[in-house]
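Undergrad:
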Amino acid sequence: MEHANPTFEFLGMTGNWSNILMLAVTSLIVFLIAFLSTRNLKMKPTGMQNFMEWIMDFVKGIIKSNFDWQTGGRFHVLGITFLMFIAVANVLGLPFSISYDGVLWWKSPTADPTVTMTLAVMVIILTHYYGIKMKGMKGYAVDTYLKPMPFLFPLKIIEEFANTLTLGLRLYGNIYAGEVLLGLIAGLATGYGALGFVGAIIPAMAWQGFSLFIGGIQAFIFVMLTMVYMSHKVSADH
Amino acid sequence: MSFDYLVLGAGGHDGLNTLDIFATLFFFILLMVLLKKVAWGPLMGIMTQREELIASEIAAAENSRQESQRLLEEQRDLLKEARTEALAIVENAKKQGDASREEIITTARTEAIRLKESAIREIDTEKERAIAAVREEVVSLSVLAASKVLEKEVSEEDNRALIEATIAKAGEVN
Chain A
1 MEHANPTFEF LGMTGNWSNI LMLAVTSLIV FLIAFLSTRN LKMKPTGMQN
51 FMEWIMDFVK GIIKSNFDWQ TGGRFHVLGI TFLMFIAVAN VLGLPFSISY
101 DGVLWWKSPT ADPTVTMTLA VMVIILTHYY GIKMKGMKGY AVDTYLKPMP
151 FLFPLKIIEE FANTLTLGLR LYGNIYAGEV LLGLIAGLAT GYGALGFVGA
201 IIPAMAWQGF SLFIGGIQAF IFVMLTMVYM SHKVSADH
Chain B
1 MSFDYLVLGA GGHDGLNTLD IFATLFFFIL LMVLLKKVAW GPLMGIMTQR
51 EELIASEIAA AENSRQESQR LLEEQRDLLK EARTEALAIV ENAKKQGDAS
101 REEIITTART EAIRLKESAI REIDTEKERA IAAVREEVVS LSVLAASKVL
151 EKEVSEEDNR ALIEATIAKA GEVN
């Protein structure tokens with residue numbers, strides 16, 4: 001049950017083939033879903049176009065609960081891509097995991113802290129970028145670090161790091177924990193004979209269903225928090 | 001069964017996987033850019049288009065509703081106008097009919113009176129003329145008779161015969 005990672009070295013940097021593979025698979029699946037369901041767009045939507053439009057409206061709703069649409073509209077694409085990317089990534093590790101020769105290949109890419117923290121840091125950097133872009137350097141500095149009270153400045157600094165960490169690690173923790181428990185149940189199913197297999201069926205199904213739910217919820221939370229942080233930096237009245 | 005891999009970051013992480021960071025960024029940004037181009041862009045386009053279509057359809061429906069309302073009002077007014085006009089025409093015709101009947105009756109009456117009067121006048125004239133003619137005749141007869149009497153001194157018998165003859169002659173003459 002000891003899982004190693006297929007790491008490699010390139011230009012003095014470490015990489016994990018498993019992560020790269022799964023990121024590629026996730027991207028491919030998201031791309032295919034979005035691409036195929038937006039072929040042959042119609043004024044009267046049918047089938048998958050309805051689904052995609054529902055996702056767009058869903059993200060639009062998230063954005064509208066934080067900004068006015070005038071400001072928030074530019075984050076629409078980011079939000080939709082995040083939602084679908086993370087949801088698909090979360091779900092990928094659910095049906096099975098593949099390990100070969102003690103090396104784990106197939107899992108959720110979001111069950112790796114490097115991936116989730118990268119996304120989180122990217123979000124936080126984007127919030128700062130848009131804060132500066134839309135308010136100017138001075139407005140950004142004052143609004144972000146000196147409001148509501150100047151003496152809260154140290155807390156504001158900590159908040160930025162805390163936001164980053166919670167955003168990334170919440171996602172990682174949820175998905176990783178889900179996979180660990182699935183791994184344990186799978187171990188029960190395979191390691192203890194027929195009785196173990198029978199005993200594992202119901203917990204496995206229950207946990208997979210729950211993980212599916214968690215995967216969706218976490219994707220929603222990630223997008224929601226992205227927009228909340230973004231609105232804190234961008235909107236004048238926060 | 002060991003639980004080593006449950007420890008955070010366990011499972012063969014030897015330090016930071018720097019390449020994973022780049023891989024994540026690369027895949028995510030590539031995905032976002034591609035999808036914006038091939039999926040989200042067109043989808044947003046068609047959604048905006050639909051919104052505009054709906055808005056314009058609503059506006060058009062509102063317009064045509066007002067238009068039909070206006071037309072309805074117009075038709076109603078026209079109908080009312082036509083009805084009053086028809087009533088007026090009928091009223092007028094009735095009045096005119098009454099008037100011309102009165103006139104005809106009056107004319108006929110005056111005409112009748114006039115005819116009657118002229119008839120009476122004519123009768124009177126004729127009567128006068130007849131009387132005058134008779135009188136003239138009588139006078140001439142009398143003169144004739146008188147002249148006959150004066151012409152001849154005759155006996156009473158002759159006289160009588162003469163007068164009778166004269167009268168007989170006068171009867172013949174008349």
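As you go down the protein sequences, you meet chains A and B in turn. Count the first sequence with the working numbering and you get residues 1 to 238, in order. Count the second sequence with the working numbering and you get residues 1 to 174, in order. Each residue gets a CB set at the ideal place from its N, CA and C atoms; glycine is no exception.
What residues in its chain sit with their C-beta under 6 Å from that of methionine 44 of chain B, if we drop five residues either side in the sequence?
TA: Nothing meets the Cβ criterion.
Undergrad: Any idea what DSSP makes of glycine 171 of chain B, helix, strand or coil?
TA: It is helical.
Undergrad: Please go through the same chain and pick out, in chain order, the residues whose beta-carbon is closer than 6 Å to the beta-carbon of leucine 126 of chain A, but skip the five residues on each side of it.
TA: Cβ within range, chain order: n/a, list empty.
Undergrad: When the cut-off is 8 Å and only beta carbons count, does alanine 34 of chain A lie next to chain B?
TA: So yes, alanine 34 of chain A belongs to the interface.
Undergrad: Hey, glycine 12 of chain A and threonine 226 of chain A: beta-carbon distance below 8 Å or not?
TA: Cβ atoms of glycine 12 of chain A and threonine 226 of chain A: not closer than 8 Å.
Undergrad: In chain order, what residues of the same chain lie with their CB nearer than 7 Å to the CB of histidine 238 of chain A, ignoring the 5 residues before and after it?
TA: With a pLDDT of 47 at histidine 238 of chain A, under the threshold of 50, the modelled position of this residue cannot be trusted; read the value that follows with caution. Taken in chain order, the residues that qualify are Ser231 and His232.
Undergrad: So, under 8 Å CB-CB, asparagine 174 of chain A and tyrosine 229 of chain A are touching, yes? Tell me the CB distance rounded to an integer number of Å.
TA: Their Cβ separation, rounded to whole angstroms, is 19 Å, which puts asparagine 174 of chain A and tyrosine 229 of chain A out of contact at 8 Å.
Undergrad: Starting from phenylalanine 8 of chain A and walking both ways along the alpha helix (DSSP H), at which residues does that stretch end?
TA: It is not in any alpha helix (DSSP H) - phenylalanine 8 of chain A instead sits in the beta strand (DSSP E) that spans 7 to 10.
Undergrad: Looking at the strands, I want to know which residues DSSP matches up with tryptophan 106 of chain A.
TA: Bridge partners of tryptophan 106 of chain A: A:Ile98.
Undergrad: Under 7 Å Cβ-Cβ, which residues of chain B neighbour asparagine 255 of chain A?
TA: Missing from the structure shown is residue 255 of chain A; chain A here goes from 1 to 238 and no further.
Undergrad: Have a look at B:Trp40, B:Val38, B:Ala39 and B:Glu51 and flag the residue whose alpha-carbon is nearest the alpha-carbon of lysine 44 of chain A.
TA: Checking every option, the nearest Cα to that of lysine 44 of chain A belongs to B:Glu51.
Undergrad: Counting only C-beta atoms, is phenylalanine 161 of chain A closer than 8 Å to chain B at any point?
TA: No, phenylalanine 161 of chain A does not count as interfacial toward chain B.
Undergrad: Determine which residues of the segment 48 to 71 of chain B have a Cβ less than 8 Å from any Cβ of chain A, and write them out in chain order.
TA: Answer set for the segment 48 to 71 of chain B: Gln49, Arg50 and Leu53.
Undergrad: Would you kindly work out how many angstroms separate the C-alpha atoms of aspartate 4 of chain B and glycine 199 of chain A, rounded to a whole number?
TA: Residue confidence for aspartate 4 of chain B is low, a pLDDT of 49 falling below 50, so the modelled location carries little weight and cannot support an answer.
Undergrad: If you reduce the DSSP assignment to three classes, tell me which class threonine 81 of chain A lands in.
TA: Threonine 81 of chain A: helix per DSSP, three-state reduction.
Undergrad: Rounded to whole angstroms, what's the CA-CA distance from aspartate 143 of chain A to glycine 196 of chain A? Just pull it up for me.
TA: Aspartate 143 of chain A and glycine 196 of chain A: Cα-Cα distance of roughly 58 Å.
Undergrad: Between the Cα of leucine 21 of chain A and the Cα atoms of A:Tyr145, A:Asn5 and A:Ile158, which residue gives the shortest distance?
TA: Of A:Tyr145, A:Asn5 and A:Ile158, the residue nearest in Cα terms is A:Asn5.
Undergrad: If you drop the 5 nearest sequence neighbours on each side, which residues of the same chain put their C-beta closer than 7 Å to that of phenylalanine 75 of chain A?
TA: Same-chain partners within the cutoff: Ile63, Met227 and Met230.
Undergrad: CA-CA distance, glutamate 157 of chain B and glutamate 151 of chain B?
TA: The alpha-carbon atoms of glutamate 157 of chain B and glutamate 151 of chain B are separated by roughly 16 Å.
Undergrad: Which residue's Cα is closest to the Cα of glycine 209 of chain A: A:Gly93, A:Trp106, A:Lys60 and A:Leu41?
TA: Comparing Cα positions, the closest option is A:Gly93.
Undergrad: For alanine 55 of chain B, count neighbouring C-beta atoms within 10 Å of its own C-beta (all shown protein chains included) and say buried if the count is 16 or more, exposed if not.
TA: Exposed, because fewer than 16 other Cβ atoms sit within 10 Å of the Cβ of alanine 55 of chain B.
Undergrad: In the DSSP output, which residue or residues are listed as bridge partners for glycine 15 of chain A?
TA: In DSSP, glycine 15 of chain A forms a bridge with A:Phe8.
Undergrad: For valine 88 of chain A, decide whether its Cβ has a neighbour in chain B, counting only Cβ atoms nearer than 8 Å.
TA: Chain B contact via Cβ: absent.
Undergrad: Cα-Cα, which of B:Lys116, B:Ala170, B:Ala165 and B:Ile104 is closest to valine 138 of chain B?
TA: When each option's Cα is compared against that of valine 138 of chain B, the closest is B:Ala170.
Undergrad: Check whether the Cβ atoms of phenylalanine 35 of chain A and alanine 39 of chain B lie closer than 8 Å to each other.
TA: Result yes, Cβ atoms of phenylalanine 35 of chain A and alanine 39 of chain B sit closer than 8 Å.
Undergrad: To the nearest angstrom, how far is the alpha carbon of leucine 212 of chain A from that of valine 234 of chain A?
TA: The straight-line gap from Cα to Cα measures roughly 33 Å.
Undergrad: Could you tell me the alpha carbon to alpha carbon distance between alanine 10 of chain B and alanine 141 of chain A, rounded to whole angstroms?
TA: With a pLDDT of only 43 at alanine 10 of chain B, under the threshold of 50, the placement of this residue in the model should not be trusted; the figure read from the coordinates follows. Each residue's alpha carbon lies about 39 Å from the other.
Undergrad: Are the C-beta atoms of methionine 122 of chain A and some chain B residue less than 8 Å apart?
TA: By this cut-off, methionine 122 of chain A is an interface position.
Undergrad: At a CB-CB cut-off below 7 Å, which residues of chain B make contact with threonine 81 of chain A?
TA: Within chain B, the residues near threonine 81 of chain A are Leu31, Met32 and Leu35.
Undergrad: Residue range of the alpha helix (DSSP H) that phenylalanine 151 of chain A falls in?
TA: That residue, phenylalanine 151 of chain A, is in no alpha helix (DSSP H); it is neither H nor E in DSSP.
Undergrad: Select from A:Thr26, A:Thr7 and A:Val25 the residue whose C-alpha is nearest the C-alpha of threonine 18 of chain B.
TA: The residue with the shortest Cα to Cα distance from threonine 18 of chain B is A:Thr7.
Undergrad: What is the rounded straight-line gap between the Cα of glutamine 69 of chain B and the Cα of glutamine 75 of chain B?
TA: Distance between the alpha carbons of glutamine 69 of chain B and glutamine 75 of chain B: 10 Å.
Undergrad: Applying the 10 Å Cβ sphere with the 16-neighbour rule, what's the burial state of alanine 168 of chain B?
TA: Alanine 168 of chain B comes out exposed.
Undergrad: Chain B partners of leucine 23 of chain A, CB-CB under 7 Å?
TA: The answer, in chain order, is Ala23, Thr24 and Phe27.
Undergrad: Return the Cβ separation of glycine 178 of chain A and isoleucine 214 of chain A in integer angstroms, given the expectation that the two are a contact with Cβ distance under 8 Å.
TA: Going by Cβ atoms, the distance from glycine 178 of chain A to isoleucine 214 of chain A rounds to 6 Å, so yes, they are a contact pair.
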